[in-house]
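Visitor: Quick note: the sequence shown uses the numbering used here, first residue 93, plus one each step.
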Amino acid sequence: MQANHREVGAGDDLTMSSSVEALDAFGLSDHLKPALEAHAVVLLAQSAEDVFQRCVTMALHSTRATTATLLLFREHHDALEVVAASGHRSDEALGRMLPRGQGLSWVVFDCAAPLLVEQAHRHHAAHFLAGSPQPGAYLGVPLLDPDGHALGVLSVDTTNSAEVLGDADSRTLTLLAQAAGVAYSRHVALERAQANAHSFERLAQLSAELESLENPDEIARHALQTLINLSGYTTGAMFTLTEEGQTALHLLVGDAGGTTLSEAWVRALHAPEGLVAEVMHTRQVVAVHQYAQWTGAAQHGGRGVYSAVAAPLHSAGRLVGVVGLLHVHRVHGGPQGVGSLLEMVVARIERAMERVRAQEHLRDMREAALRAVGRVLEGRDGETYGHTDRVTALALQLGEVLNLSEEERQHLRWGAYLHDIGKISLPDAILLKPGRLTPDERHAVERHVVVGDGMLRDEAFVPREVRAVVRWHHERWDGSGYPDGLHGEHIPLLARLFSVVDVYDALISERPYKSAWSHEAAIAELRRNAGTQFDPGIVEAFLTLTVPDAGRA
Numbered sequence: 093m094q095a096n097h098r099e100v101g102a103g104d105d106l107t108m109s110s111s112v113e114a115l116d117a118f119g120l121s122d123h124l125k126p127a128l129e130a131h132a133v134v135l136l137a138q139s140a141e142d143v144f145q146r147c148v149t150m151a152l153h154s155t156r157a158t159t160a161t162l163l164l165f166r167e168h169h170d171a172l173e174v175v176a177a178s179g180h181r182s183d184e185a186l187g188r189m190l191p192r193g194q195g196l197s198w199v200v201f202d203c204a205a206p207l208l209v210e211q212a213h214r215h216h217a218a219h220f221l222a223g224s225p226q227p228g229a230y231l232g233v234p235l236l237d238p239d240g241h242a243l244g245v246l247s248v249d250t251t252n253s254a255e256v257l258g259d260a261d262s263r264t265l266t267l268l269a270q271a272a273g274v275a276y277s278r279h280v281a282l283e284r285a286q287a288n289a290h291s292f293e294r295l296a297q298l299s300a301e302l303e304s305l306e307n308p309d310e311i312a313r314h315a316l317q318t319l320i321n322l323s324g325y326t327t328g329a330m331f332t333l334t335e336e337g338q339t340a341l342h343l344l345v346g347d348a349g350g351t352t353l354s355e356a357w358v359r360a361l362h363a364p365e366g367l368v369a370e371v372m373h374t375r376q377v378v379a380v381h382q383y384a385q386w387t388g389a390a391q392h393g394g395r396g397v398y399s400a401v402a403a404p405l406h407s408a409g410r411l412v413g414v415v416g417l418l419h420v421h422r423v424h425g426g427p428q429g430v431g432s433l434l435e436m437v438v439a440r441i442e443r444a445m446e447r448v449r450a451q452e453h454l455r456d457m458r459e460a461a462l463r464a465v466g467r468v469l470e471g472r473d474g475e476t477y478g479h480t481d482r483v484t485a486l487a488l489q490l491g492e493v494l495n496l497s498e499e500e501r502q503h504l505r506w507g508a509y510l511h512d513i514g515k516i517s518l519p520d521a522i523l524l525k526p527g528r529l530t531p532d533e534r535h536a537v538e539r540h541v542v543v544g545d546g547m548l549r550d551e552a553f554v555p556r557e558v559r560a561v562v563r564w565h566h567e568r569w570d571g572s573g574y575p576d577g578l579h580g581e582h583i584p585l586l587a588r589l590f591s592v593v594d595v596y597d598a599l600i601s602e603r604p605y606k607s608a609w610s611h612e613a614a615i616a617e618l619r620r621n622a623g624t625q626f627d628p629g630i631v632e633a634f635l636t637l638t639v640p641d642a643g644r645a
């Protein structure tokens, strides 16, 4: 924590002096003036950093010491860190970490009681910025929260000075430390409340954002990035669990530099280890602040990780993976309640993925139903069994050659299933007639595309692009087709594409009114009609396909 080097200003002195004068009128200032001064100084602070700097500034002024420091206990480092300093060599002191047992401040912290050492250089536990013992006294008092728990140490020393420290200085420092402890706790509580409010606000936004995503990996990636932003960790990871009990690094988000985790490790199966294994065993959130010292640390993917926290990921009540946060630059405990935060985000990932799986299941059921409709229709039409599946497969191959998007390929697939749905309105006498149709019968047949379009128009789940295939797959490039006489690129692309594969399969298939053509003869017919019946560019693309031998009998 970087100190804010704000000195006590004239306005602060005026406020404090006014309060002291008010107490003087009652003859109480001799006993209460030090306490008022202490509380007035720190309570005017605008931040925790300001509290600390005001505290050390007043400590230095009140005791006439050489140096004043305030140290906070850092649990994740198990060290006392100098977060504010004033006086001689204060710049050198700021930010210094004292590991457990190093320095007289640890004696104060462990005992939670004031310590005065008149000849500090003779004490075995003394620690000096200069690196070698220096004459002078040391006075340290514990910094306590309102519940009496030690937060750190406020200390002064008279190194290389003739000043003497005594009981009055100890009382002054104790009052300052008490006031600073209360003020610091208040600021920390406020910061935590603000951070929690921000987290909950962001979680609410995340829930809405995840609702708009349909790809499970995109959902997890977005949620992990949000976790990184909220928690201060550098890296997010999602591990998946196979039915055989192996795990794989499925997603890696953020900075993984300096670790053995890498994109090359993604999806590589291996036995569970480290934090992943621990979460799988306990089925609970597990946090490890100093990962390198943890006895359960992974031997492979965990090298280079300083701190980590992970939670189980479930689907339909079954453990399917582990979601974790890592810090790869330093020991990091994250904000208070980071485990609960991780659980809440994982719950949102689970709900979003369940929603996507439900939608995928619904789409699969629709797909199966639509395919079944197509196969029923082909049977009634007297077409060779498998026509629907063949034209669907050919259309999708051609769609890949033409670089159709995933959504366009779905529309094409559904259009292939339903392209002749309007023929359900035709009587068998027309549909299965082996000879030439009369003009009225021909008109009835041509109306099947309009009927099919009308049947699907009120089905909300059928996109208009699918209906375009149904209505216009008998239009011709030269405008002589039906039902609307569209020509050229006025005919929707998917309808133009499907008309080529539909005619090809019809030619090579046996029907009640004709024999099957050879593949070569069908290809020659497509070439001959390119530019009149068919889009010539699509015919050229079709000719690049490797069409399986489909002698139809």
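Ideal placement from N, C-alpha and C gives every residue a C-beta, glycine not left out.
I want to know whether the segment 237-254 touches the segment 156-172 - three or more CB-CB distances under 8 Å.
Guide: Judged by Cβ distances under 8 Å, the segment 237-254 makes contact with the segment 156-172, as three or more pairs qualify.
Visitor: Between which two residues does the beta strand (DSSP E) holding R146 run?
Guide: Premise fails: R146 lies in the alpha helix (DSSP H), A140 to T155, not in any beta strand (DSSP E).
Visitor: Taking 7 Å as the threshold (C-beta atoms), are A348 and G416 in contact?
Guide: The answer is no: Cβ separation not under 7 Å.
Visitor: Since I believe L504 is in contact with F590 (beta carbons under 8 Å), could you give me their beta-carbon distance rounded to a whole number of angstroms?
Guide: The Cβ separation is near 7 Å, so the contact holds.
Visitor: Note down the Cα distance separating V209 from G187, rounded to an integer number of angstroms.
Guide: Rounded to whole angstroms, V209 to G187 spans 24 Å at the Cα level.
Visitor: Starting from L232, follow the beta strand (DSSP E) in both directions and report where the run begins and ends.
Guide: Per the sequence presented here, residue 232 reads as Gly, with Leu not at that position. Residues Y230 to L236.
Visitor: M150: buried (16+ other C-beta within 10 angstroms of its C-beta) or exposed?
Guide: Looking at its Cβ environment, which holds 16 or more other Cβ atoms inside 10 Å, M150 is buried.
Visitor: Spatial neighbours of A160 within its chain, please: C-beta separation below 6 Å, excluding the five flanking residues on both sides.
Guide: If we look at A160 and ignore the five residues flanking it on each side, its Cβ neighbours are V148, A151, L152, S178, G179 and V248.
Visitor: Is the beta carbon of A217 closer than 7 Å to that of V199?
Guide: Yes.
Visitor: How would you label M457, buried or exposed, when you count the other beta carbons within 10 angstroms and need 16 or more for buried?
Guide: It counts as exposed.
Visitor: Give the secondary structure of T638 by DSSP, where H, G and I count as helix, E and B as strand, and everything else as coil.
Guide: Correct three-state label for T638: coil.
Visitor: What does DSSP give as the partner residue(s) for V191 in the beta ladder?
Guide: The sequence shown places Pro at residue 191, rather than the Val named in the question. According to DSSP, P191 bridges with A171.
Visitor: Any idea what DSSP makes of P404, helix, strand or coil?
Guide: Strand, per DSSP.
Visitor: Going by DSSP, which residues form a beta bridge with M445?
Guide: According to DSSP, which records beta bridges pairwise, M445 is partnered with nothing at all.
Visitor: For P238 versus V274, is the C-beta spacing smaller than 7 Å?
Guide: A contact, by the Cβ cut-off of 7 Å.
Visitor: May I ask you to list the residues that DSSP assigns as paired with V377?
Guide: BP columns for V377 are empty, so no partner.
Visitor: Three or more C-beta pairs closer than 8 Å, one from the segment 577-590 and one from the segment 515-534: is that the case here?
Guide: Verdict: no, contact absent.
Visitor: List the whole-angstrom C-beta distance separating E470 from T484, where the pair is believed to meet the contact cut-off of C-beta under 8 Å.
Guide: Not quite, the Cβ-Cβ distance comes to about 11 Å (not below 8 Å), so this is no contact.
Visitor: Indicate the three-state DSSP secondary structure (helix, strand or coil) for L433 in the structure shown.
Guide: DSSP places L433 in helix when its eight states are reduced to three.
Visitor: Determine whether the beta carbon atoms of I522 and A312 lie at a separation below 7 Å.
Guide: No, the pair does not count as a contact, with Cβ atoms beyond the cut-off.
Visitor: To the nearest angstrom, how far is the alpha carbon of L635 from that of V493?
Guide: Between L635 and V493, the C-alpha separation is close to 11 Å.
Visitor: Per DSSP, which one or two residues make a beta bridge with T332?
Guide: Bridge partners of T332: A340 and G413.
Visitor: Please state if the CB of V543 and the CB of P575 are separated by a distance shorter than 7 Å.
Guide: It is not a contact, given that the beta carbons lie outside the stated cut-off.
Visitor: For P519, count neighbouring Cβ atoms within 10 angstroms of its own Cβ and tell me buried if that reaches 16, exposed if not.
Guide: Its Cβ having fewer than 16 others within 10 Å, P519 is exposed.
Visitor: Would you report the Cα separation of R501 and W386, rounded to the nearest angstrom?
Guide: Roughly 51 Å separates the two Cα atoms.
Visitor: Using only CA atoms, which one of R539, F331 and Q138 lies nearest to H342?
Guide: The option with the nearest alpha carbon to H342 is F331.
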